[in-house]
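If you're matching positions, the sequence shown starts at 4 in my numbering and goes up one per residue. Backbone N, C-alpha and C define an ideal beta-carbon position, used for all residues, glycine too. On a predicted model such as this, the values are computed, not experimentally measured, just so you know.
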Amino acid sequence: GFCLNCRECTQQAGESVGRCVQHDGMDELIDKIELADGYILASPTNFGSVTAIYKRFMERLIVYAYWPWHMNSPRLRKENTPPKRALIVSSSAAPGIIGSLMYETRKQLKKTARIIGADTVGTLFVGSIAKGPHQPLPKGILQRARKLAGRLNGSEQA
Numbered sequence: 004g005f006c007l008n009c010r011e012c013t014q015q016a017g018e019s020v021g022r023c024v025q026h027d028g029m030d031e032l033i034d035k036i037e038l039a040d041g042y043i044l045a046s047p048t049n050f051g052s053v054t055a056i057y058k059r060f061m062e063r064l065i066v067y068a069y070w071p072w073h074m075n076s077p078r079l080r081k082e083n084t085p086p087k088r089a090l091i092v093s094s095s096a097a098p099g100i101i102g103s104l105m106y107e108t109r110k111q112l113k114k115t116a117r118i119i120g121a122d123t124v125g126t127l128f129v130g131s132i133a134k135g136p137h138q139p140l141p142k143g144i145l146q147r148a149r150k151l152a153g154r155l156n157g158s159e160q161a
């Protein structure tokens, strides 16, 4: 479901992630995020941004914030914990350089990584990818993806 903006999940201090008042499976997803060693965060670009479904997911990550009613702005719960690693992946119909520089997608994916306590160790942006319903990825992109996977598991440095 959508975030109710009740902020009940943000009221308790500490590094532990808050719990949503909705019982729709998001708590279980958060538990899996917490158990993960690293992350691959991905979204295609729709109208210059991550998809609406991804934005809905981002809003539900408010459980990663401490934001009691007396504070003007939230504080991230994971800001003082050792960071995990994240790769961000996106695509657009626009050429890669335009899509990666002009659209908000990469910024939103990086923000998600920071919210859940991860450093972005690699970025893959695939442009000009809307020329057919099942367009194959170019070999160079596949090679870059494999190389980035090494950064995620720590076997290759940035």
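Distance, residue j Cα to residue i Cα
i	j	result
residue 136	residue 56	20 Å
residue 150	residue 11	41 Å
residue 34	residue 107	28 Å
residue 51	residue 105	8 Å
residue 93	residue 101	13 Å
residue 130	residue 48	10 Å
residue 147	residue 96	19 Å
residue 40	residue 87	6 Å
residue 66	residue 152	28 Å
residue 138	residue 144	13 Å
residue 181	residue 37	Residue 181 falls outside the range modelled here, since the chain spans only 4 to 161, and no answer is possible.
Residue burial classification, residue i (beta-carbon count within 10 angstroms, cutoff 16)
i	result
residue 19	exposed
residue 23	buried
residue 90	buried
residue 17	exposed
residue 76	exposed
Proximity to residue i [Cα-Cα], best of the options
i	options	result
residue 128	44, 27, 30, 70	44
residue 140	103, 115, 74, 99	99
residue 159	124, 17, 26, 143	124
residue 21	42, 28, 36, 69	69
residue 28	5, 42, 9	5
residue 72	115, 15, 32, 156	15
residue 53	103, 155, 9, 42	103
Is the region 106 to 117 touching the region 57 to 77, taking contact as three or more C-beta pairs under 8 Å? Yes: the two stretches touch, three or more of their Cβ pairs being nearer than 8 Å.
At least 3 beta-carbon pairs within less than 8 Å: the region 115 to 132 vs the region 66 to 82: Short answer: they touch.
Hey, which unbroken runs of the beta strand (DSSP E) at 3 residues or more fall wholly within the region 25 to 54? Counting only runs of at least 3 residues, the region 25 to 54 fully encloses the following beta strand (DSSP E) elements, listed from N- to C-terminal order: 41 to 47.
In chain order, each alpha helix (DSSP H) run of at least 4 residues that lies wholly inside the region 91 to 154: Given a length threshold of 4 residues, each whole run of the alpha helix (DSSP H) inside the region 91 to 154 is given here in chain order: 99 to 105, 108 to 118.
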